[in-house]
Amino acid sequence: MNWSKSLLIAASFLAASFQVQAQDNLINALKSNQNDNSKAGFTFTAVINLGNTSIKNQGSSGTCWSYSGNSFLESEMIRMGKKPVEISQIYTARQVYLEKAKNYVRLHGGLSLGEGGQLHDVLNVFRTYGALPREAYTGLNYGSEKNNFGEMTSMLDNMLAAVIKSKKLTQNWSKSYEAVMDSYFGEVPASFKYEGKNYTPRTFADQVIGINPDDYVGISSFKDQKPYSKFVLLIPDNWSFDQFYNVQMNDLTSIIDNALAKGYTIAWATDVSEKSFSWKNGVAYVPTRAVEDMTDAERSNMFVGPKEEAKVTEDQRQEAFDNYSTTDDHGMHIVGLVKDQSGKEYYIVKNSWGETNDYKGYMYVTKEFVKYKTISILLHKNAVQKEIKSKLGI
């Protein structure tokens, strides 16, 4: 093992060790982005409000991608006229952790670890492993009512650090890896009862949920990629190296608008570390100037009522991604559209941090913010307008 590989392993382990803490720190940091009287300054009127299931809480875990991705599938069940079921978010996460570990070992540690993932991971697990209802697999096998992955994650990452040091690898490591997850999450049932019928994860996915993973597309927008072509999105949590369709920046919101108008919700991966993103007040927008340049009075009034916004350009979007101002922080679920009292439109966004903000787990995000800070979206291919589908070859 050479010096560069030693550094890589050390860095990967250190990053993974702080994964859960980083998620908690992000939520705590966003608590400072708030005003006490924000809600009184807004009057939101619903334009589109599509069916979605109850607000969940991911607890101390980096599983937003699984919560938002499965929330999206639950809304797809509603759209298709089915009775929605709460899908086990932890079953999805468990299978992703196993597949990610396999890639990590094959790449001799040259892959990001930790609890993060991408929205398409939910579909990939559905395709390969099926799904479980949460009532059959809560993942809470360690005396807690909420997710708390810190101890387990440290054990799993230590194990993989030892595995990749092997001169000749055996297949026993994966059984040991799964055994650790069994001890924290519980063993995956080979079969289970749901509403009086027996299912396996495969038959439950096919017969009860009933979506076709091939009907869904991941879309992003970056100026350094060829427009209307597919590319691998180079972010640490795209551990599976899945491809996305690249569109122009303004296409992002036109696609979302078209989807909502046709009754489709959208899974959304985005940066939420901006000071103009307030989880407590449930509002996110793009200020006309940097928060650091605002007066104290302006900062104290940031989330009290509608504000004028900057117009984002494709160059600004690309630069923010390239200089790490835009980072792959969080996955959420766009379920509708509202207007404020000035007529400005905002997307209704469902989060997985519990009912802990002014809007009981939902928030309102402007279109400029979505253009600026979106990492990717996931939606049904029929939700995309014909002219863009034609350009993409879908």
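Each residue of the sequence shown is one higher than the last, beginning at 684 in my numbering.
A virtual CB, placed ideally from N, CA and C, is assigned to each residue, including glycine.
Here the structure is a predicted model, which is why all the values come from computation and not from measurement.
- For the pair residue 931 and residue 1033, the Cα-to-Cα distance works out to about 25 Å.
- Residue 896 sits in a helix when the DSSP states are folded into three classes.
- The three-state secondary structure of residue 735, taken from DSSP, is coil.
- The continuous stretches of beta strand (DSSP E) do not include residue 863, which lies in the alpha helix (DSSP H) extending over residues 855 to 868.
- DSSP places residue 992 in the coil class of the three-state scheme, outside both helix and strand.
- Here residue 990 is buried. Its C-beta has 16 or more other C-beta atoms within 10 Å.
- In this structure, the CA atom of residue 914 is about 11 Å from the CA atom of residue 907.
- For residue 866, the closest of 793, 747, 832 and 878 by C-alpha to C-alpha distance is 832.
- For residue 1010, the secondary structure class from DSSP, reduced to helix, strand or coil, is coil.
- When Cβ pairs closer than 8 Å are counted between the two stretches, the segment 1007 to 1014 is seen not to touch the segment 932 to 940, the count staying below three.
- Counting other Cβ atoms within 10 Å of its Cβ, residue 986 reaches 16 or more and is therefore classed as buried.
- Classified as exposed, residue 852 has fewer than 16 neighbouring CB atoms from the shown chains inside 10 Å of its CB.
- Counting the other Cβ atoms within 10 Å of the Cβ of residue 1015 gives 16 or more, which makes it buried.
- Residue nearest to residue 746 within the set 1036, 1071, 1072 and 1048 is 1036 (criterion: CA-CA distance).
- The C-alpha of residue 757 is placed about 36 Å away from the C-alpha of residue 854.
- Following the DSSP letters along the chain, one finds residue 1059 inside the beta strand (DSSP E) bounded by residues 1057 to 1063.
- Per DSSP, reduced to three states, the secondary structure at residue 884 is helical.
- In this structure, 783 is the residue among 802, 804, 783 and 803 with its C-alpha nearest to the C-alpha of residue 794.
- Closest in alpha carbon position to residue 1029, among 1057, 1073 and 966, is 966.
- Short of 7 Å from the beta carbon of residue 729, and not among the five residues preceding or following it, lie these beta carbons of its own chain, in chain order: 1019 and 1021.
- Collapsing the DSSP output to three states places residue 803 in a helix.
- The beta carbons of residue 1031 and residue 954 sit about 19 Å from each other, so the pair does not count as a contact at 8 Å.
- Three or more pairs of CB atoms, one per stretch, sit closer than 8 Å, so the segment 800 to 816 contacts the segment 916 to 923.
- Going by C-alpha positions, residue 948 is about 32 Å away from residue 870.
- Taking C-beta separations shorter than 8 Å and ignoring five residues to either side along the sequence, the partners of residue 969 in its chain run 959, 992, 993, 995, 1049, 1051, 1052 and 1055, following chain order.
- Note on residue 822: 16 or more other CB atoms within 10 angstroms of its CB, so buried under the neighbour-count rule.
- Shown here for residue 731: same chain residues with a beta carbon closer than 6 Å to its own, the five before and five after excluded, namely 943, 1019 and 1020 in chain order.
- Of the candidates 824, 752 and 878, the residue whose Cα lies closest to the Cα of residue 809 is 752.
- Residue 859 is positioned such that its CB atom lies closer than 8 Å to that of residue 842.
- Contact between residue 820 and residue 771 holds: their C-beta atoms lie close to 4 Å from each other, under 8 Å.
- Across the structure, residue 787 and residue 781 are spaced so that their CA atoms are roughly 10 Å apart.
- Around residue 722, the same chain offers 1041 as residues with beta carbons nearer than 6 Å, after the five sequence neighbours per side are excluded.
- Residue environment analysis places residue 900 among the buried positions, since at least 16 neighbouring C-beta atoms fall within 10 angstroms of its C-beta.
- When secondary structure is reduced to three states using DSSP, residue 832 falls in the coil class, being assigned neither helix nor strand.
- With respect to the C-alpha of residue 875, the residue from 1027, 818 and 762 having the closest C-alpha is 818.
- Counting of Cβ neighbours within 10 angstroms places residue 917 among the exposed residues, the total staying below 16.
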